[in-house]
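**Student:** Protein chains in written order, with our numbering: chain W, 1 to 96; chain Z, 97 to 412; chain H, 413 to 805. Here a beta-carbon is modelled for each residue, glycine too, at the ideal position from N, C-alpha and C. Owing to the predicted nature of the structure, the values given are computational and were not obtained by experimental measurement.
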Amino acid sequence: MDRWPSKWMDLPIGGVINIPGTSTWVKTGTWRSHRPVVDLDKCIKCLMCWVSCPDNSIIRLDDDYVDVDYTYCKGCGICANVCPTKAIDMIEEGGR
Amino acid sequence: MARQIRRLSEIPREELFVSGHGLCAGCGIPPMVKIALKAVDGPKVVVNATGCLEVATTLYPHTAWRVPWVHNAFENAAATASGIEAALKALRRKKNWKNYKIIVFGGDGGTFDIGLQSLSGALERGHKFIYVCYDNEAYMNTGIQRSGATPVGAATTTSPAGSVIPGKPENKKNLMDIVLAHRIPYAATINAAYPVDMWNKFAKASDYLEKGIGPIFFHYYSPCPVGWRMDSSLSIEISRLAVQTRLWLLYEVDHGKIKINVMVRKPKPIEEYLKLQGRFRHLLQPENSHIVERLKRYIENNWNRLLKLAELDSIY
Amino acid sequence: MSVTVRQVRTGLNGDEAVAYAVLHADVDVISAYPITPQTIIVERLSEFVYNGELDAEFIPVESEHSALSAALGASLAGARVFTATASQGLALMYEILYIVSSLRAPVVMALGNRAFSAPINIHCSHDDAYAARDAGWIQFFAETVQEAYDLTLIAFRVSEDERVLFPSIVNLDGFILTHSIEPLHVFSSKDDVSKFLPERDPVNAIDPDNPITYGPLALQNYYMEIKRQQAEALFNSKKIIDEVFDEYSEFSGRRYVPVKKLFVDDAETVFVLLGSTAGTMRHMVRKWRREGKKVGVVSLTLYRPFPEKEFVESVKDVENLVVMDRSFSYGSPGGQLYMDVSAALIRAGVSPRVLNVIYGLGGRDFTPDLAEKALEVATSTDVPLIWLGVRGD
Ligand SMILES: Cc1ncc(C[n+]2csc(CCOP(=O)(O)OP(=O)(O)O)c2C)c(N)n1
Ligand code: SF4
Ligand SMILES: [Mg+2]
Numbered sequence: 001m002d003r004w005p006s007k008w009m010d011l012p013i014g015g016v017i018n019i020p021g022t023s024t025w026v027k028t029g030t031w032r033s034h035r036p037v038v039d040l041d042k043c044i045k046c047l048m049c050w051v052s053c054p055d056n057s058i059i060r061l062d063d064d065y066v067d068v069d070y071t072y073c074k075g076c077g078i079c080a081n082v083c084p085t086k087a088i089d090m091i092e093e094g095g096r
Numbered sequence: 097m098a099r100q101i102r103r104l105s106e107i108p109r110e111e112l113f114v115s116g117h118g119l120c121a122g123c124g125i126p127p128m129v130k131i132a133l134k135a136v137d138g139p140k141v142v143v144n145a146t147g148c149l150e151v152a153t154t155l156y157p158h159t160a161w162r163v164p165w166v167h168n169a170f171e172n173a174a175a176t177a178s179g180i181e182a183a184l185k186a187l188r189r190k191k192n193w194k195n196y197k198i199i200v201f202g203g204d205g206g207t208f209d210i211g212l213q214s215l216s217g218a219l220e221r222g223h224k225f226i227y228v229c230y231d232n233e234a235y236m237n238t239g240i241q242r243s244g245a246t247p248v249g250a251a252t253t254t255s256p257a258g259s260v261i262p263g264k265p266e267n268k269k270n271l272m273d274i275v276l277a278h279r280i281p282y283a284a285t286i287n288a289a290y291p292v293d294m295w296n297k298f299a300k301a302s303d304y305l306e307k308g309i310g311p312i313f314f315h316y317y318s319p320c321p322v323g324w325r326m327d328s329s330l331s332i333e334i335s336r337l338a339v340q341t342r343l344w345l346l347y348e349v350d351h352g353k354i355k356i357n358v359m360v361r362k363p364k365p366i367e368e369y370l371k372l373q374g375r376f377r378h379l380l381q382p383e384n385s386h387i388v389e390r391l392k393r394y395i396e397n398n399w400n401r402l403l404k405l406a407e408l409d410s411i412y
Numbered sequence: 413m414s415v416t417v418r419q420v421r422t423g424l425n426g427d428e429a430v431a432y433a434v435l436h437a438d439v440d441v442i443s444a445y446p447i448t449p450q451t452i453i454v455e456r457l458s459e460f461v462y463n464g465e466l467d468a469e470f471i472p473v474e475s476e477h478s479a480l481s482a483a484l485g486a487s488l489a490g491a492r493v494f495t496a497t498a499s500q501g502l503a504l505m506y507e508i509l510y511i512v513s514s515l516r517a518p519v520v521m522a523l524g525n526r527a528f529s530a531p532i533n534i535h536c537s538h539d540d541a542y543a544a545r546d547a548g549w550i551q552f553f554a555e556t557v558q559e560a561y562d563l564t565l566i567a568f569r570v571s572e573d574e575r576v577l578f579p580s581i582v583n584l585d586g587f588i589l590t591h592s593i594e595p596l597h598v599f600s601s602k603d604d605v606s607k608f609l610p611e612r613d614p615v616n617a618i619d620p621d622n623p624i625t626y627g628p629l630a631l632q633n634y635y636m637e638i639k640r641q642q643a644e645a646l647f648n649s650k651k652i653i654d655e656v657f658d659e660y661s662e663f664s665g666r667r668y669v670p671v672k673k674l675f676v677d678d679a680e681t682v683f684v685l686l687g688s689t690a691g692t693m694r695h696m697v698r699k700w701r702r703e704g705k706k707v708g709v710v711s712l713t714l715y716r717p718f719p720e721k722e723f724v725e726s727v728k729d730v731e732n733l734v735v736m737d738r739s740f741s742y743g744s745p746g747g748q749l750y751m752d753v754s755a756a757l758i759r760a761g762v763s764p765r766v767l768n769v770i771y772g773l774g775g776r777d778f779t780p781d782l783a784e785k786a787l788e789v790a791t792s793t794d795v796p797l798i799w800l801g802v803r804g805d
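1) Kindly indicate the opening and closing residues of the beta strand (DSSP E) around Cys229 of chain Z.
2) Counting only beta-carbon atoms, is Thr6 of chain W nearer than 8 Å to chain Z?
3) For a contact meaning CB atoms closer than 7 Å, what does Ala80 of chain W contact in chain Z?
4) Can you name the residues of chain W whose CB is closer than 7 Å to the CB of Arg109 of chain Z?
5) Go through its chain and collect everything with a Cβ distance to Arg492 of chain H's Cβ below 6 Å, but skip five positions before and after it.
6) Return the first residue and the last residue of the alpha helix (DSSP H) that Thr422 of chain H is part of.
7) Over what stretch of residues does the alpha helix (DSSP H) that includes Ile442 of chain H continue unbroken?
8) Quick one: using the 10 Å Cβ neighbour count with 16 as the cut-off for buried, is Ser105 of chain Z buried or exposed?
9) Count the other CB atoms within 10 Å of the CB of Pro338 of chain Z; is the residue buried (16 or more) or exposed (fewer)?
10) Strictly below 9 Å CB to CB, what residues from chain W border Ala288 of chain Z?
11) How many angstroms separate the CA atom of Gly586 of chain H from the CA atom of Leu749 of chain H?
12) Touch check for the region 415-427 of chain H and the region 368-385 of chain Z: three-plus C-beta pairs under 8 Å?
13) Have a look at Arg516 of chain H and Ile550 of chain H and give me their C-alpha separation to the nearest angstrom.
14) With DSSP as the reference, label Glu644 of chain H as helix, strand or coil.
15) Taking three-plus beta-carbon pairs below 8 Å as touching, is the region 316-326 of chain Z in contact with the region 113-129 of chain Z?
16) So for Met413 of chain H, helix, strand or coil by DSSP?
17) Do Pro623 of chain H and Pro164 of chain Z have their C-beta atoms within less than 8 Å of each other?
18) Thinking Ile581 of chain H and Gly501 of chain H are a contact (beta carbons under 8 Å), I'd like their distance in whole angstroms, please.
19) Return helix, strand or coil for Met236 of chain Z, following the three-state DSSP convention.
20) Would you mind telling me which residues of chain H sit closer than 8 Å to Val26 of chain W, beta carbon to beta carbon, in chain order?
21) Can you list, in chain order, the residues of its chain whose CB lies under 6 Å from that of Ile404 of chain H, leaving out five sequence neighbours each side?
22) Report all residues from its chain with a CB closer than 7 Å to the CB of Ser385 of chain Z; omit the five preceding and five following residues, and keep chain order.
23) Quick check on the burial criterion: 16 or more other C-beta atoms within 10 angstroms. Buried or exposed for His351 of chain Z?
24) Considering only their Cβ atoms, is the gap separating Gly708 of chain H from Val697 of chain H smaller than 8 Å?
25) By DSSP, does Leu767 of chain H sit in helix, in strand, or in coil?
26) Rounded to the nearest angstrom, how far is the Cβ of Tyr70 of chain W from that of Thr28 of chain W, given a contact under 8 Å?
27) Should Thr285 of chain Z be labelled buried (16 or more other beta-carbon atoms within 10 Å of its own) or exposed?
28) Thinking C-beta only, is Ile334 of chain Z closer than 8 Å to Ser52 of chain W?
29) Measuring straight from C-alpha to C-alpha, what distance separates Trp344 of chain Z and Ile618 of chain H?
30) Taking only beta carbons into account, state which residues of the region 622-645 of chain H come closer than 9 Å to chain Z, listed in chain order.
31) Output needed for Ala486 of chain H: all residues of its chain with C-beta closer than 6 Å, excluding positions within five of it in sequence on either side, in chain order.
32) Comparing the CB of Met736 of chain H with every heavy atom of ligand 3, is any distance shorter than 7 Å?
33) Roughly how many angstroms lie between the CA atoms of Lys7 of chain W and Thr159 of chain Z, to the nearest whole one?
34) Using the beta carbon as the reference atom, which residues fall closer than 7 Å to any heavy atom of ligand 2, ordered along the chain?
35) Whole angstroms are fine: how far does the CA of Pro610 of chain H sit from the CA of Met505 of chain H?
36) Compare the C-beta of Asn463 of chain H against all C-beta atoms of chain W and say whether one is closer than 8 Å.
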């Protein structure tokens with residue numbers, strides 16, 4: 001929390017958060033027990049995983065193929081479930 | 097003009113609702129919020145009722161929002177939005193203020209129950225905003241208590257699957273009917289398994305607001321893996337099943353004219369939907385088959401009623 | 413400041429006077445729900461808006477809860493916002509009172525002071541004002557219709573000052589002020605008033621180019637710092653209130669101070685009170701002085717933040733203090749003003765004999781006879797608390 005003032009007189013008034021998007025300081029990837037892995041050979045660029053991901057953890061590449069950003073991925077498995085070609089596998093963290 | 101799309105690749109990349117929030121893994125709320133913030137184009141502000149979305153996205157000093165975001169209390173999101181809208185009107189007239197669009201998010205508790213009065217007041221007064229009820233069918237933030245949106249038979253912490261009373265005895269309230277009784281210009285149901293449909297409805301709403309047409313109401317089917325006791329990967333699958341069993345009807349009402357967006361010709365058996373969720377597990381016991389029968393009748397009546405209403409030039 | 417602005421002498425009741433002040437303040441948004449004895453305010457303002465005299469949005473909300481909720485939204489959006497209520501309406505707003513002050517939204521509210529139910533009663537008590545005393549609002553009490561008008565203008569100026577940014581309540585006694593026609597001076601137009609009260613220049617208003625998160629969740633690690641800051645800021649607003657009082661005094665030719673005193677310098681007994689009863693007491697004190705009785709009266713124009721220093725200064729040498737409460741804090745040692753006063757006296761290390769008088773509930777008349785009675789009890793007994801003029805005592 002060193003990026004946010006600590007003492008009462010230094011906080012923005014009204015209890016507001018005056019910097020947008022500060023939640024990105026919280027790396028929710030630590031929640032994960034399983035991790036999605038994409039097999040690009042099977043990806044048909046439908047982008048269902050990308051629109052459905054609750055944590056913006058599917059990276060949509062310039063060519064509309066996808067990759068995973070593990071910083072925030074909570075491992076919910078929605079991406080693997082929605083993929084019509086089963087291009088995404090959920091793999092246990094730590095395991096291989 | 098907000099863009100109507102045909103495929104997901106037409107959706108812009110930039111997110112206004114960012115990562116690091118504390119919504120549960122697999123929560124159904126973000127897929128809707130992300131689309132809402134993008135499809136409603138131009139400057140906008142969000143008003144959020146107390147509930148999971150509010151609590152989990154703004155744990156001080158961490159906010160997931162990159163748009164102005166206002167939380168007042170639980171039951172007054174529509175009233176708060178009324179005030180913002182009225183202020184904007186006055187300030188635009190008197191001081192040439194910049195315009196923006198107002199999007200409200202409220203849970204089913206904050207909309208069907210405690211916030212129904214303030215919503216009704218705001219709809220009656222005709223404030224120009226988009227109100228989205230994300231309906232996860234219970235008070236999730238406080239630990240899965242039943243609401244007026246909880247379906248019959250569902251087990252919650254205040255309607256448990258008891259040996260005498262097996263889950264919620266009452267039917268789900270029909271919120272869309274209540275909203276439509278206010279004769280608002282545009283209302284629709286939305287579902288994350290149908291993101292193109294959802295996008296196009298928000299885009300249309302955005303254009304309406306631009307033309308000074310409102311209020312607009314969306315009823316969003318919002319899966320909750322925790323409260324529904326299902327696997328976190330199933331949120332979108334369950335959303336699709338809800339439509340394909342005709343439990344969740346996807347339609348819009350544009351100036352009184354109903355259009356059914358997904359015609360479900362051969363509905364899947366409701367048991368397929370029920371069996372994936374722990375909150376319904378007890379219904380599959382033989383002694384509770386009458387509740388499933390009741391649910392089936394409800395589904396059938398609802399569907400037939402919608403078909404009939406859709407034949408009218410206007411239900412207003 | 414030495415602007416000479418024209419004022420008109422007229423006759424209005426307290427509600428109308430407030431409505432005129434709101435008109436002259438050129439508010440942007442009014443969000444209010446009718447309730448006796450505030451209703452005339454809402455009706456007059458509706459007329460001003462519907463007749464085009466006031467360029468504002470009037471939100472005819474479906475409840476007081478929504479009235480204040482919408483007022484908060486409008487205020488955050490940058491508008492000058494007014495609401496008005498009384499009694500049950502204030503009680504229905506209760507949840508949002510704290511949110512408005514915590515988000516530092518400078519909403520101004522007129523409160524036509526009225527008793528809480530049950531039994532339902534439409535007349536004056538200070539239950540509603542006191543119910544808001546801990547909610548972080550600045551609170552003024554009007555003694556006259558003139559003060560109701562002036563304090564409404566003052567409230568906007570104070571609340572919207574960027575060194576303050578707290579909402580204000582202007583209290584006016586139900587019926588006694590809200591419905592009594594009194595002579596007063598009002599300014600002739602909003603343009604004249606704008607020399608004292610320029611248009612609002614909002615701090616941190618909703619702006620898509622500067623996305624702020626208003627009203628987040630804050631838990632154990634920050635809630636207390638946020639509250640500490642708020643408490644300090646409300647205390648500090650006192651300085652600015654003093655400044656604005658001085659400025660308005662010069663602007664209007666009518667003197668405003670947080671603590672009004674009459675004959676307190678050599679007084680042995682001093683009455684302390686809020687609101688319109690000060691008028692009756694002033695009359696009584698003059699009478700007592702003619703009779704050689706050393707009695708004075710202190711009335712608080714500013715109730716929150718509590719003007720502790722001036723108050724203690726004005727009563728530190730008296731023998732008997734009579735604290736008059738038009739309400740009661742059930743289950744506690746006395747009325748609410750009594751408790752503020754007691755705390756202030758303890759902190760200052762002065763200990764006069766203090767009598768708490770509970771009077772006038774539900775609009776019961778406060779008569780000269782009752783004032784005599786209070787003085788007699790205060791100066792001849794050690795009774796700490798009396799309910800004045802109650803049958804059976
Ligand atoms: C006036 C009031 N009553 C009760 C609560 C407690 N409370 C907070 S959120 C909530 C339930 C929210 O349910 P819903 O609107 O369905 O949103 P969800 O949590 O499911 O997202 C309750 C009961 C409150 N904050 N305020
Ligand atoms: S409890 Fe349900 S609705 Fe709330 S954050 Fe978790 S998954 Fe989402
Ligand atoms: Mg809910």
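**Tutor:** Reading off the structure:
1) Residue mapping note: residue 229 of chain Z aligns to position 133 of the second sequence, counting from 1. Run containing Cys229 of chain Z: 226-231, per the beta strand (DSSP E) assignment.
2) Residue 6 of chain W sits at position 6 when you count from the first residue of the first sequence. Going by the sequence as given, residue 6 of chain W is Ser instead of Thr. Chain Z contact via Cβ: absent.
3) Locating residue 80 of chain W in the first sequence gives position 80, where the first residue counts as 1. Neighbours of Ala80 of chain W on chain Z, chain order: Ser329.
4) Residue numbering aside, residue 109 of chain Z sits at position 13 when the second sequence is read from its first letter. Near Arg109 of chain Z (Cβ distances below 7 Å), the residues of chain W are Arg60.
5) The residue you call residue 492 of chain H lines up with position 80 of the third sequence. So the list reads Val439, Asp440, Arg612, once near-sequence residues are dropped.
6) Counted from its first residue, the third sequence places residue 422 of chain H at position 10. Taken as a continuous stretch (DSSP letters only), Thr422 of chain H belongs to no alpha helix (DSSP H), being part of the beta strand (DSSP E) at 419-424.
7) Against the third sequence, residue 442 of chain H aligns to sequence position 30. Taken as a continuous stretch (DSSP letters only), Ile442 of chain H belongs to no alpha helix (DSSP H), being part of the beta strand (DSSP E) at 441-443.
8) Here residue 105 of chain Z is taken as the residue at index 9 of the second sequence, counted from 1. It is exposed - the Cβ of Ser105 of chain Z has fewer than 16 other Cβ atoms within 10 Å.
9) Start at 1 with the first residue of the second sequence, and residue 338 of chain Z comes out as number 242. Looking at the sequence provided, one finds Ala at residue 338 of chain Z rather than Pro. With 16 or more Cβ atoms within 10 Å of its Cβ, Ala338 of chain Z is classed as buried.
10) Against the second sequence, residue 288 of chain Z aligns to sequence position 192. Ordered by position in chain W, the residues that pass the 9 Å Cβ test against Ala288 of chain Z are Val51, Ser52.
11) The residue you call residue 586 of chain H lines up with position 174 of the third sequence. The residue you call residue 749 of chain H lines up with position 337 of the third sequence. Taking the straight line joining both Cα atoms gives about 19 Å.
12) Result no; under three Cβ-Cβ pairs closer than 8 Å.
13) On the third sequence, position 104 is the one that residue 516 of chain H refers to. On the third sequence, position 138 is the one that residue 550 of chain H refers to. It is roughly 11 Å from the alpha-carbon of Arg516 of chain H to the alpha-carbon of Ile550 of chain H.
14) Taking the first residue of the third sequence as 1, we reach residue 644 of chain H at position 232. The three-state reading of DSSP puts Glu644 of chain H in helix, counting H, G and I together.
15) yes
16) Within the third sequence, residue 413 of chain H is the residue found at index 1, counting from 1. In this predicted model, Met413 of chain H has a pLDDT of only 47, less than 50, meaning its place in the structure is not dependable; the value taken from the coordinates is given anyway. Met413 of chain H falls in the coil class under three-state DSSP.
17) Against the third sequence, residue 623 of chain H aligns to sequence position 211. Against the second sequence, residue 164 of chain Z aligns to sequence position 68. Yes, they are a contact pair.
18) Working through the third sequence from its first residue, we reach residue 581 of chain H at position 169. Working through the third sequence from its first residue, we reach residue 501 of chain H at position 89. For a cut-off of 8 Å, the C-beta gap from Ile581 of chain H to Gly501 of chain H is around 12 Å, too long to register as a contact.
19) By 1-based counting over the second sequence, the position of residue 236 of chain Z is 140. The answer is coil: DSSP assigns Met236 of chain Z none of H, G, I, E or B.
20) Counting from 1 along the first sequence, the entry for residue 26 of chain W is found at position 26. Ordered by position in chain H, no residue passes the 8 Å Cβ test against Val26 of chain W, which lies about 13 Å from the chain.
21) No statement about residue 404 of chain H is possible, as the shown extent of chain H runs from 413 to 805 and does not include it.
22) Taking the first residue of the second sequence as 1, we reach residue 385 of chain Z at position 289. Answer for Ser385 of chain Z: no residue qualifies.
23) Position 255 of the second sequence holds residue 351 of chain Z. Burial call: exposed.
24) Within the third sequence, numbered from 1, the residue matching residue 697 of chain H stands at position 285. Within the third sequence, numbered from 1, the residue matching residue 708 of chain H stands at position 296. Yes. Within cutoff.
25) If you number the third sequence from 1, residue 767 of chain H lands on position 355. If DSSP states are grouped into helix, strand and coil, Leu767 of chain H belongs with the strands.
26) Counting from 1 along the first sequence, the entry for residue 70 of chain W is found at position 70. Counting from 1 along the first sequence, the entry for residue 28 of chain W is found at position 28. The pair is not a contact, with the Cβ atoms about 10 Å apart (cut-off 8 Å).
27) Within the second sequence, numbered from 1, the residue matching residue 285 of chain Z stands at position 189. Around the Cβ of Thr285 of chain Z, a 10 Å sphere holds 16 or more other Cβ atoms; the residue is buried.
28) Translated into positions along the first sequence, residue 52 of chain W becomes position 52. Translated into positions along the second sequence, residue 334 of chain Z becomes position 238. For Ser52 of chain W and Ile334 of chain Z, no; Cβs fall outside 8 Å.
29) For the purposes of this step, residue 344 of chain Z is taken as the residue at position 248 of the second sequence. For the purposes of this step, residue 618 of chain H is taken as the residue at position 206 of the third sequence. About 36 Å.
30) If you check each beta-carbon in the region 622-645 of chain H against every beta-carbon of chain Z, the ones closer than 9 Å belong to Asn622, Pro623, Ile624, Thr625, Tyr626, Gly627, Pro628, Leu629, Ala630, Leu631, Asn633, Tyr634, Tyr635, Ile638.
31) Taking the third sequence and counting its residues from 1, the one referred to as residue 486 of chain H is at position 74. Cβ neighbours of Ala486 of chain H beyond the five flanking positions: Val441, Val493.
32) Stepping through the third sequence from its first residue, residue 736 of chain H is reached at position 324. No - ligand 3 has no heavy atom lying nearer than 7 Å to the Cβ of Met736 of chain H.
33) For the purposes of this step, residue 7 of chain W is taken as the residue at position 7 of the first sequence. For the purposes of this step, residue 159 of chain Z is taken as the residue at position 63 of the second sequence. As the crow flies, the alpha-carbon of Lys7 of chain W is around 20 Å from that of Thr159 of chain Z.
34) Z:Leu119, Z:Cys120, Z:Gly122, Z:Cys123, Z:Gly124, Z:Ile125, Z:Cys148, Z:Ala152, Z:Asn232, Z:Met236, Z:Asn237, Z:Ser318, Z:Cys320, Z:Pro321, Z:Val322, Z:Gly323
35) By 1-based counting over the third sequence, the position of residue 505 of chain H is 93. By 1-based counting over the third sequence, the position of residue 610 of chain H is 198. Approximately 29 Å, taken between the alpha carbons.
36) Counting from 1 along the third sequence, the entry for residue 463 of chain H is found at position 51. It does not; no Cβ of chain W falls within 8 Å.
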